[in-house]
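Student: So for the sequence shown, my numbering puts the first residue at 2; every next one is plus one.
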Amino acid sequence: AAPVAGSWKVAIGTSDAPCTVALATGASDVTGTATADAACPAAALKIARWSATPGKLTLKSANGETIATLTAEGATYVGKQFADSRKVVLSPANSSVAQSQ
Numbered sequence: 002a003a004p005v006a007g008s009w010k011v012a013i014g015t016s017d018a019p020c021t022v023a024l025a026t027g028a029s030d031v032t033g034t035a036t037a038d039a040a041c042p043a044a045a046l047k048i049a050r051w052s053a054t055p056g057k058l059t060l061k062s063a064n065g066e067t068i069a070t071l072t073a074e075g076a077t078y079v080g081k082q083f084a085d086s087r088k089v090v091l092s093p094a095n096s097s098v099a100q101s102q
């Protein structure tokens, strides 16, 4: 699986504009912390941790609650929020998909 540490654009639902989330590795390359830009919508600001397994990425809140489980689709991860089933898309910040800044 590709390393997930770095800068990503996250889009939640269809109404929120994508914003930047930084993923940093923790004790291993498959877990770590997440820091969303202050300009992110509330749903993205809840993302505080992540964990990865081959082909999958799980986003979690600070208290360990799963926010979304995403599946790799090329360089992008796509899934749904558990709370309300809104679509979640995580794409590399330097990709052409996320050139909105």
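Glycine included, C-beta positions come from ideal geometry on N, C-alpha and C. Please read these numbers as outputs of a predicted model, since none were measured by experiment.
1. Going by C-alpha to C-alpha distance, which of VAL5, ILE13, TRP9 sits closest to ARG87?
2. What separation, rounded to the nearest whole angstrom, lies between the Cα atoms of THR67 and GLY27?
3. Rounded to whole angstroms, what is the Cα-Cα separation between PRO55 and VAL79?
4. Is SER29 near the ligand FAD, with its Cβ less than 7 Å from a heavy atom?
5. Considering only C-alpha positions, which residue in the set PHE83, SER29, SER62 is nearest to ALA35?
6. Whose C-alpha, out of ALA25, ALA18, VAL31, is nearest the C-alpha of VAL90?
7. For GLY27 and chain D, any beta-carbon pair shorter than 8 Å?
Tutor: Taking the structure as given:
1. Position 86 of the sequence shown, counted from the first residue, corresponds to residue 87. Nearest C-alpha to ARG87: ILE13.
2. If you number the sequence shown from 1, residue 67 lands on position 66. If you number the sequence shown from 1, residue 27 lands on position 26. The straight-line gap from Cα to Cα measures roughly 17 Å.
3. On the sequence shown, residue 55 is found 54 positions in, with the first residue counted as 1. On the sequence shown, residue 79 is found 78 positions in, with the first residue counted as 1. So the alpha carbons of these two residues sit roughly 14 Å apart.
4. By its list of ligands, the structure shown contains no ligand whatsoever, and the ligand FAD lies outside what it can speak to.
5. Position 34 of the sequence shown, counting from 1, holds the residue named residue 35. If we check each option's Cα against that of ALA35, SER62 comes out closest.
6. As a working note, residue 90 is residue 89 in the sequence shown. The option with the nearest alpha carbon to VAL90 is ALA18.
7. This model lacks chain D altogether; it includes just one protein chain.
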